[in-house]
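Number 362 in our numbering belongs to position 381 of the first sequence; there are no gaps in the numbering. All C-beta atoms in this analysis are idealised placements derived from N, C-alpha and C, irrespective of residue type, glycine included. Here the structure is laid out as structure tokens; the discussion comes afterwards.
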Amino acid sequence: MRVAEVIVDVPTHDTDRPFDYLIPAELQEEIHIGSRVQVPFGHRKVIGYCIGFKTTSSSIRLKSIYDVMDLVPPLTPELVELGKVMADEYLCPTITALQSMVPAVFKGSYQKVIHPSSEMSENIFSLLNPAEQQLFKILAARGEYTWEEACKIPNMTRRLLRKLVAEKRIFVTERIEDRITKQKVTWVWGKDIHKLKAALSSLSARAIRQKEVLQYFIDHPDEIELPKLLARLQTTRSTVKKLVEQGWLYWEEREQYRDPYKNRQFEQTTPLPLTPEQQQALAGISKPIIEEKFHTILLHGVTGSGKTEVYLQTIEEVLRQGREAIVLVPEISLTPQMVQRFKGRFGERVAVLHSRLSNGERYDEWRKIRRGEVQVAIGARSAIFAPFQHIGLIIIDEEHETSYKQEENPKYHARDIALWRAQAHHATLVLGSATPAVESYYHARTGEYEWIQLKERVHGRPFPQVQVVDMREELRLGNRSMFSGALTGSLIECMKRGEQAVLFLNRRGFATFVMCRECGETITCPHCDISLTYHQTNQTVRCHYCGYAEGLPQICPHCQSKHIRHFGTGTQRVEAELKRQFPGIQVIRMDVDTTSRKGAHEKLLSQFREGKAQVLLGTQMIAKGLDFPKVTLVGVIAADTMLHLPDFRAAERTFQLLMQVGGRAGRHEQPGKVVIQTYSPEHYSIRLAASYQTETFYHQECLIRKRHSYPPFCRLFTILLSYPDRLGLMKYGQEIVQFIRNHAPTNCQLLGPVPPTIPRLKDRYRLQVLIKFQADPIVTARLKQTLHKLRNLFDDKELRISMSREMVDLISDRKVLMREQSEEIEILSKH
DNA sequence: AGCACGCCGACT
DNA sequence: GTCGGCGTGCTC
């Protein structure tokens, strides 16, 4: 007997275990580990994934698998294994973990229809009352009716089903249209050279663009896709349209397989010569690749030190070995230029996965990886699941980026997944950043990761000069505007020279903090060293970590000034202020409002590049990886907005942002300048960023994390509760904390319940509980067990419990666990 | 999660 | 009696 273990598509905790199914003879050859199958489940039919095989089963009544859905299993055995680990670590159903690894087209949907019974006799029909008979006749005539229609007449349907004259059939609808749809592309041609020449002379001298197009066809008589033609000649659709309308050219729409990059030409690029430093880095990364052993490297390189070129050449090494590479980049920097660089070097061997792809396009790219048609996958967070089978190298660029953490279940961090996969493949993991996460830096310093530094910029350009402006001083001098004298002056000079400026407004989340405009002190929690958050509803300030609260102070507790108020500025306000103070200035504003439309992001950036505005104003979305030759001034309007967020990573984020910003100015001929406006110029993250003292900052931050026990010196679990009414939620909050206190390991530290940054969302009140615990496998296991029980304990349907982990160690925790278990076995065997 | 079963009140 | 509302428990 051969039995398949199947994880079914029912994302709840009590169905989160393998169910056993018989494999019919005709499916024996088709089914593999990782296969997607259709199975009977209860009174339904559902999709599932086969995760293993057995020869016996403890279940008494086994059902058979209906069907294997794909010729090639969507998941590899390694990914199935990873799915189990993720479900365990992130406390999510296994099916949720597995589904997050494959393109959306595999999700499938269920369609239910009501159908006349296949076996039906006349005498049953006679049992129906007249109304039922009427409905049945309609059903018989139409053949079937849909579930949506059935829901409109639920009782009648139920009667038909009860009396066995009708039956329900469930179809699993594959999203076939996404998987095979072809794209429509316009092709253009004009093959008759004599005719084209005649056209050329008939056109008026002013029709330059049209003449260029005609000349192109005289030189290249082959047909060409319209987008390609437009790109090559730098012209627009309307020019070609005119020529078609006049009968000189022809075009038609044709269907072809999708390829999002088909219409672009990628100029072949060759490896650039490396600096000695880059060469050393390349050698350092290549060593473990050649040795084919698991190894993690932090590539700590200043902005402009040429990390990408090092990546490209290490990938070449991997390809020479016949292995594969995954490259993760933050979504925001997955720009056409970046893609261009990889496509240019590796051509057809690259698959690109980014969020702008349609479901179908994403599937196409994924399929190239699964079939082994490409060896390099570049993409955002989810590309970490690229179904390669011989991974030699995983690169995470800008590894400190927050976008590597998924906000929905499973709330994984791509860095954690990368570590696990690299180990499974004996591959090398490279974490690249100019401003690594404190955790990564710590691991590099303690020797867990190898630490390779790139300290020089490739073209030897100096770092821009940084000026920190004390906004308290500005206020004292009578300047109440949001631009300091220094920034105003620099901006005017920059305009005069015909250069460009970038202004940052780093506003994250919805948190507002209270600060004294006189002395720059913020109101902080006496227990936590974290800014208190202003709550407009009841005029209080609260700590989001421990729950401490007090009334909104009217005077500053430090200097007794009355100039105390809450902060939170928007880009629109800054733009208005800019236009008021600098009449005639052209500003491009980038924020959620102006970039929500598809393609708006790239459009605004290219407008700025072309010099259509003097100032680019935006939030952190413009801080990353952008390189504008004419930008010589970078201004940070208020460095504090991020610093005082109630987040233990606030200082780290501030430092990282300021360092990134520094890299934006003066990348080319003109020297750059950075002006940082702040109310806390003495804060270490601002001071050390301004003086480029990276080492000192990380050292300082590690000390603070250690003192207050935050990652990497502990592990963190966040529990978010939400409920429709406040009182009920508070009751549950208390009960849950009590439960965890009673059942969790004693050395866990509980903080909360406290309202999170957003205390109410979509008419639901929210509470947060934070658990700090030791990176010890026994403690972790106990805690996970406790939280699991917690799930089943509160059966109020309205109460939602969501859990996420701040730091997961999929490897070393397990290593220790395995070691301890084997020690236990040893001890046992001695007795 | 879905879906059936089963218990109970309202109605023909 | 029958219909339909809603709580309970199971799904290989």
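Local conformation of residue i per DSSP, three classes
i	result
P55	coil
L626	coil
D48	strand
P97	strand
V355	coil
R546	strand
P726	coil
M452	helix
F275	coil
L683	The sequence given here places Cys at residue 683; Leu does not occur at that position. Reduced to three states, the DSSP call for C683 is helix.
E583	helix
L701	strand
W401	helix
P734	strand
F678	helix
S785	strand
Q196	helix
E663	coil
R696	strand
F327	helix
H(-6)	coil
Under 7 angstroms between C-beta atoms of residue i and residue j
i	j	result
G287	Q260	no
L639	V555	no
A670	F636	yes
G373	Q294	no
Q658	A619	yes
S703	R781	yes
Y30	L60	no
L748	L697	no
I278	E380	no
For residue i, the residue or residues it bridges with in DSSP
i	result
Q481	V612
H281	S414, Q434
D378	G413
T503	M496
F22	R25
Y529	Answer is none; Y529 lacks a bridge partner.
Q191	DSSP output for Q191 lists no bridge partner at all.
V(-16)	L3, K35
V596	A482, V568
Y91	V153
T514	F494, R523
Cβ shell of residue i (< 8 angstroms), same chain only, five flanking positions each side left out
i	result
E233	T167, W168
K44	Y2, L3, V20, P21
Proximal residues to residue i (C-beta, below 6 angstroms), its chain only, five neighbours per side dropped
i	result
T127	V94
R343	P84
V655	P445, V447, V615, G643, A646
E480	K611, T613
G490	Unreliable positioning characterises G490 in this predicted model, as indicated by a pLDDT of 34, which lies under 50. The coordinate reading is nonetheless provided below. So the list reads T738, once near-sequence residues are dropped.
H(-6)	R772
Q434	H281
D451	P662
S40	D1
Proximal residues to residue i (C-beta, below 7 angstroms), its chain only, five neighbours per side dropped
i	result
Q387	R362, Y393
A492	Because A492 carries a pLDDT of 47, less than 50, the predicted location of this residue cannot be relied on, and the following value inherits that uncertainty. These residues qualify, in order along the chain: T514, L626, P627, T738.
K65	T75
L701	P737, R747, Q749, S783
Check: residue i C-beta below 6 angstroms from any heavy atom of the ligand HEM
i	result
P317	Summarising the ligand content, the structure contains no ligands, and the ligand HEM is consequently not present.
Validate contact between the stretch 307 to 327 and the stretch 473 to 480 using beta carbons, cut 8 angstroms, 3 pairs
no
With a threshold of 8 angstroms, are at least 3 pairs of Cβ atoms found where one atom belongs to the stretch 736 to 756 and the other to the stretch 533 to 550?
no
For the pair the stretch 283 to 302 and the stretch 417 to 428, tell me if three or more CB-CB distances fall below 8 angstroms.
no
Do three or more CB pairs link the stretch 113 to 120 to the stretch 359 to 379 at distances below 8 angstroms?
no
For the stretch 608 to 618 and the stretch 338 to 355, state whether three or more C-beta atom pairs, one from each stretch, are separated by less than 8 angstroms.
no
Does the stretch 709 to 729 touch the stretch 667 to 687, meaning 3 or more C-beta pairs lie closer than 8 angstroms?
no
Any contact between the stretch 678 to 689 and the stretch 756 to 775? By contact I mean 3 or more CB pairs, one from each, below 8 angstroms.
no
Three Cβ pairs or more, each shorter than 8 angstroms: is that satisfied between the stretch 217 to 232 and the stretch 177 to 190?
yes
Please confirm if the stretch 455 to 467 is in contact with the stretch 564 to 573, defined as three or more CB-CB distances below 8 angstroms between the two stretches.
no
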